[in-house]
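These notes concern the structure reproduced below.
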Amino acid sequence: MSATTSVHDFTVVSNEPVAEGLMRIVLSSPELAASLEAGQFVNIHVPGDASQILRIPLSFSHADAQAGTVEIVYAVVGDGTRRLSAMAVGESSTAVGPCGNPWPLVEGARRACVVAGGVGVTPVVACARMLEHAGVAFDAVVGAQTAGKLWGAEVLQGLGAKTVAVTTDDGTAGRKGFTTDALSELLDSNTYDVVYTCGPEVMMAGVARLCREAGVSCRVSMERMMCCGFGACGTCNVAMADGTYKSCCKDGPVFDAEEVAW
Numbered sequence: 437m438s439a440t441t442s443v444h445d446f447t448v449v450s451n452e453p454v455a456e457g458l459m460r461i462v463l464s465s466p467e468l469a470a471s472l473e474a475g476q477f478v479n480i481h482v483p484g485d486a487s488q489i490l491r492i493p494l495s496f497s498h499a500d501a502q503a504g505t506v507e508i509v510y511a512v513v514g515d516g517t518r519r520l521s522a523m524a525v526g527e528s529s530t531a532v533g534p535c536g537n538p539w540p541l542v543e544g545a546r547r548a549c550v551v552a553g554g555v556g557v558t559p560v561v562a563c564a565r566m567l568e569h570a571g572v573a574f575d576a577v578v579g580a581q582t583a584g585k586l587w588g589a590e591v592l593q594g595l596g597a598k599t600v601a602v603t604t605d606d607g608t609a610g611r612k613g614f615t616t617d618a619l620s621e622l623l624d625s626n627t628y629d630v631v632y633t634c635g636p637e638v639m640m641a642g643v644a645r646l647c648r649e650a651g652v653s654c655r656v657s658m659e660r661m662m663c664c665g666f667g668a669c670g671t672c673n674v675a676m677a678d679g680t681y682k683s684c685c686k687d688g689p690v691f692d693a694e695e696v697a698w
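Each residue of the sequence shown is one higher than the one before, starting from 437 at the first, in the working numbering.
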């Protein structure tokens with residue numbers, strides 16, 4: 437069972453660029469680090485603008501309970517993340533967490549594949565750490581628009597991925613094409629018990645379709661504007677295949693791909 441969501445103080449340990457438009461921030465927050473499970477997210481208060489009352493929901497790539505740190509790789513896409521990127525070592529604020537539901541370990545799974553697109557690589561790296569810790573063999577697919585925006589392939593290889601397929605839209609790294617092209621080939625040549633994916637919704641829809649055709653279980657981490665983080669505001673609804681809606685922040689962000697109305 438997940439830990440109770442609460443407000444945690446944190447101090448910035450490091451905050452540096454890792455790729456074009458991508459930053460990696462490490463937060464010192466022992467209780468938060470100990471409470472997080474792979475696939476969950478945190479809601480960060482970024483100081484510097486009193487008019488911005490909403491926290492920023494961000495996935496994490498590593499929660500190290502022993503060191504008491506949380507690593508987050510994030511894209512600088514708006515004012516909030518721009519201010520976050522300017523936070524210096526030693527600065528402090530608060531984060532609400534753990535939020536949402538984690539990646540599930542599929543019972544009896546012996547081999548998995550993780551598929552990441554863009555900044556979706558952040559929770560996918562956390563997933564790979566979970567698989568490595570559980571002794572589940574896995575392959576990985578990592579996609580980005582261009583080589584300069586690519587991060588995570590070497591990390592996944594270091595975590596024990598048997599195969600790491602890299603794709604870029606322009607062919608400047610790995611193969612030219614999409615993550616779904618690489619996944620299709622892996623599904624043809626390997627037997628997987630489960631596929632985990634996060635990235636642009638059109639990519640995840642393609643991953644879900646390929647898994648359905650191959651008869652492989654698929655879990656997706658949906659990305660929505662999660663304003664409140666606890667299911668009250670209704671801005672992060674995800675349409676379900678049965679015609680209902682679920683809150684990405686409270687019921688997700690991880691869903692069974694078959695649940696989602698693509």
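Backbone N, C-alpha and C define an ideal beta-carbon position, used for all residues, glycine too. Computed from a predicted model, the values in this text were never measured in an experiment.
C-beta atoms of residue i and residue j nearer than 8 Å
| i | j | result |
| --- | --- | --- |
| Gly613 | Ala601 | no |
| Ala589 | Val572 | no |
| Thr558 | Phe496 | yes |
| Ala455 | Lys585 | yes |
| Pro534 | Thr441 | yes |
| Ala580 | Gly554 | yes |
| Thr517 | Ala511 | yes |
| Lys686 | Phe666 | yes |
| Val690 | Pro538 | yes |
| Ala644 | Ala693 | yes |
| Leu463 | Val506 | yes |
| Cys549 | Val631 | yes |
| Gly699 | Phe574 | With the chain running from 437 to 698 in the structure shown, residue 699 is simply not present. |
| Ser529 | Asn451 | no |
| Ala552 | Cys669 | no |
| Val652 | Leu619 | no |
| Met658 | Gly688 | yes |
Cβ-based burial, residue i [other Cβ within 10 Å; buried from 16]
| i | result |
| --- | --- |
| Arg565 | buried |
| Ile480 | buried |
| Met437 | Because the pLDDT of Met437 is 39, which lies under 50, any placement of that residue in the model is unreliable, and the question is left without a value. |
| Glu527 | exposed |
| Ser487 | exposed |
| Thr615 | buried |
| Cys684 | buried |
| Ile508 | buried |
| Ser625 | exposed |
| Glu543 | exposed |
| Val591 | buried |
DSSP beta-bridge partners of residue i
| i | result |
| --- | --- |
| Phe691 | Val656 |
| Phe446 | Ser529 |
| Leu494 | Val478 |
| Val462 | Ser450 and Glu507 |
| Lys682 | Val674 |
Among the options, nearest to residue i - alpha-carbon criterion
| i | options | result |
| --- | --- | --- |
| Arg491 | Leu468, Glu507 and Cys663 | Cys663 |
| Ala531 | Lys682, Cys563, Pro493 and Asp606 | Pro493 |
| Asp606 | Thr505, Ala583 and Leu623 | Ala583 |
| Glu467 | Leu646, Glu659, Asp445 and Gln476 | Asp445 |
| Arg759 | Ala668, Gly556 and Tyr628 | In this structure the chain extends from 437 to 698, so residue 759 is not present and cannot be described. |
| Arg660 | Gly556, Cys563, Val591 and Ala677 | Gly556 |
| Leu472 | Asp500, Met676 and Asn673 | Asp500 |
| His569 | Val551, Leu595 and Val591 | Leu595 |
| Gly457 | Ala469, Ala552 and Trp587 | Trp587 |
| Leu730 | Met459, Glu621 and Val449 | Any property of residue 730 remains undetermined from this structure, which presents the chain solely from 437 to 698. |
In the region 630-680, which residue ranges form an unbroken alpha helix (DSSP H) of at least 4 residues, counting only runs that do not cross its ends?
637-650
Identify every run of the alpha helix (DSSP H) within the region 594-630, keeping only runs that are complete inside it and at least 4 residues long; order them along the chain.
Note on the region 594-630: whole alpha helix (DSSP H) runs with a minimum of 4 residues are 615-625, in chain order.
Note down, one range per segment and in chain order, each beta strand (DSSP E) of at least 3 residues found wholly within the region 530-584.
Correct list: 547-553 and 573-580.
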